[in-house]
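K.L.:
14 is the number of the first residue of the sequence shown in my numbering; add one for each residue after it.
The C-beta atom is built at its ideal place from N, Cα and C for all residues, glycine as well.
Sharing a structure with you now.
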Amino acid sequence: MTNTRKIRPVEAFFLRQKNTPISMAASAFSSAALVSRTTVPATRQSTLGVGSCTSWQLISSYPHAPSLAVSRKTSPAVVAASVTSRSVEAEPRIPAAAPSKTLPFRVGHGFDLHRLEPGYPLIIGGVNIPHDRGCEAHSDGDVLLHCVVDAILGALGLPDIGQIFPDTDPKWKGAPSSLFIKEAVRLMHDAGYELGNIDATLILQKPKLSPHKEAIRSNLCQLLGADPSVVNLKAKTHEKVDSLGENRSIAAHTVVLLMMK
Numbered sequence: 014m015t016n017t018r019k020i021r022p023v024e025a026f027f028l029r030q031k032n033t034p035i036s037m038a039a040s041a042f043s044s045a046a047l048v049s050r051t052t053v054p055a056t057r058q059s060t061l062g063v064g065s066c067t068s069w070q071l072i073s074s075y076p077h078a079p080s081l082a083v084s085r086k087t088s089p090a091v092v093a094a095s096v097t098s099r100s101v102e103a104e105p106r107i108p109a110a111a112p113s114k115t116l117p118f119r120v121g122h123g124f125d126l127h128r129l130e131p132g133y134p135l136i137i138g139g140v141n142i143p144h145d146r147g148c149e150a151h152s153d154g155d156v157l158l159h160c161v162v163d164a165i166l167g168a169l170g171l172p173d174i175g176q177i178f179p180d181t182d183p184k185w186k187g188a189p190s191s192l193f194i195k196e197a198v199r200l201m202h203d204a205g206y207e208l209g210n211i212d213a214t215l216i217l218q219k220p221k222l223s224p225h226k227e228a229i230r231s232n233l234c235q236l237l238g239a240d241p242s243v244v245n246l247k248a249k250t251h252e253k254v255d256s257l258g259e260n261r262s263i264a265a266h267t268v269v270l271l272m273m274k
């Protein structure tokens, strides 16, 4: 009997891509020297069960993703796909891209901006900030966590947060951005990396974030599983220039350094 689990958002993204068929994913598995040949029966739920592969093995078919380290432990993974009633042979049928170079360090940059509108909560770094306006967004609109997620995904050479957690998917409506951070951290560890350090800048005219900075940074450290010494947070105004300075929007920039474990 095939063991199945819930499909992870990043796996669903790659399976939606017409240019990333299962055969290409299988070739990435083989190039990582983790599997050689796998025959997968179709199930009633139309899912493909791929033995003892991690989701990173599927992601390895993405051109910019780092190659999978063979020494890491693998965990069971299930990849969703529509299949016919016949058995599906996960054997490479088209040439796969050469595995990306495994680098000791990887750097990523994240950016996000949201409009500020009445009637929405202002959530920054998972902390609810008292204000008469908040971020208009599909999820909870946490501009800091969104750009941190994008920075981690960028360092890993993966698609951005809007592609993996699309705002067209109703299941992310009002979702806490901590879910996105947890998935990004999981992908980081799954790829064989850990957080080196992170430097984030918030841009907001008001309210003043000085009284809330430590609470925001502390919660960010907790979500990342990081020591406070490697997480830096700065807050800037925009000198009353454009939408940021007129308090009609909020933005954030993040730079992240990942180190191979």
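Using a Cβ-Cβ cut-off of 7 Å (strictly less than) and excluding sequence neighbours within five positions of His-251, which residues of its own chain qualify?
P.N.:
Here the set comprises Ile-216, Gln-218, Leu-257 and Gly-258.
K.L.:
Contact between the segment 139-149 and the segment 118-131: three or more CB pairs below 8 Å?
P.N.:
Short answer: they touch.
K.L.:
Going by the beta-carbon positions, is the gap between Glu-207 and Lys-274 smaller than 8 Å?
P.N.:
Taking 8 Å as the Cβ cut-off, Glu-207 and Lys-274 qualify as a contacting pair.
K.L.:
Report yes or no: do three or more beta-carbon pairs, one from the segment 134-141 and one from the segment 156-165, lie closer than 8 Å?
P.N.:
The segment 134-141, when compared against the segment 156-165, does touch it at the 8 Å Cβ threshold.
K.L.:
Would you kindly work out how many angstroms separate the C-alpha atoms of Pro-179 and Pro-224, rounded to a whole number?
P.N.:
Computed Cα separation, rounded: 33 Å.
K.L.:
Just the C-alpha distance for Asp-212 and Val-268, rounded to the nearest angstrom, thanks.
P.N.:
If I take the Cα positions, the gap works out to 5 Å.
K.L.:
For Phe-118, count the other beta carbons within 10 Å of its own beta carbon; 16 or more makes it buried, fewer makes it exposed. Which is it?
P.N.:
Exposed, because fewer than 16 other Cβ atoms sit within 10 Å of the Cβ of Phe-118.
K.L.:
Which same chain residues end up closer than 6 Å to Pro-293 when comparing Cβ atoms and leaving out the 5 residues on each side of it in sequence?
P.N.:
Residue coverage of the chain in this structure runs from 14 to 274, which leaves residue 293 outside it and unanswerable.
K.L.:
Should Met-272 be counted as a contact of the ligand NAP given a C-beta to heavy atom distance under 7 Å?
P.N.:
Absence of the ligand NAP is noted for the structure shown, with no ligands found whatsoever.
K.L.:
By a C-beta neighbour count over all protein chains shown, 10 Å radius and 16 as the cutoff for buried, is Ser-262 buried or exposed?
P.N.:
When all chains shown are included, Ser-262 counts as buried.
K.L.:
When you compare only the Cα positions, how much space is there between Thr-181 and Leu-270?
P.N.:
If you take the alpha carbons of Thr-181 and Leu-270, they lie about 30 Å apart.
K.L.:
What residues in its chain sit with their C-beta under 7 Å from that of Ala-197, if we drop five residues either side in the sequence?
P.N.:
For Ala-197, where only same-chain residues beyond five positions count, the Cβ hits under 7 Å are Val-162, Ile-165 and Leu-166.
K.L.:
Which word fits Gly-205, buried or exposed, when buried means at least 16 other C-beta atoms lie within 10 angstroms of its C-beta?
P.N.:
Buried, since its Cβ has 16 or more Cβ neighbours within 10 Å.
K.L.:
Quick one: what does DSSP say Pro-172 is sitting in, helix, strand or coil?
P.N.:
Coil, per DSSP.
K.L.:
Nearest CA to the CA of Ala-248: which residue from Thr-214, Pro-22 and Leu-237?
P.N.:
The shortest C-alpha separation from Ala-248 is found at Thr-214.
K.L.:
Helix, strand or coil for Thr-33? Go by DSSP, reduced to three states.
P.N.:
Because Thr-33 carries a pLDDT of 49, less than 50, the predicted location of this residue cannot be relied on, and the following value inherits that uncertainty. Note: Thr-33 maps to coil in three-state DSSP.
K.L.:
Please report the residue range of the alpha helix (DSSP H) in which Lys-195 lies.
P.N.:
Counting along the chain, the alpha helix (DSSP H) containing Lys-195 begins and ends at 191-203.
K.L.:
Do Asp-173 and Ala-265 have their beta-carbon atoms positioned less than 8 Å apart in this structure?
P.N.:
In this structure, Asp-173 does not lie closer than 8 Å to Ala-265 by Cβ.
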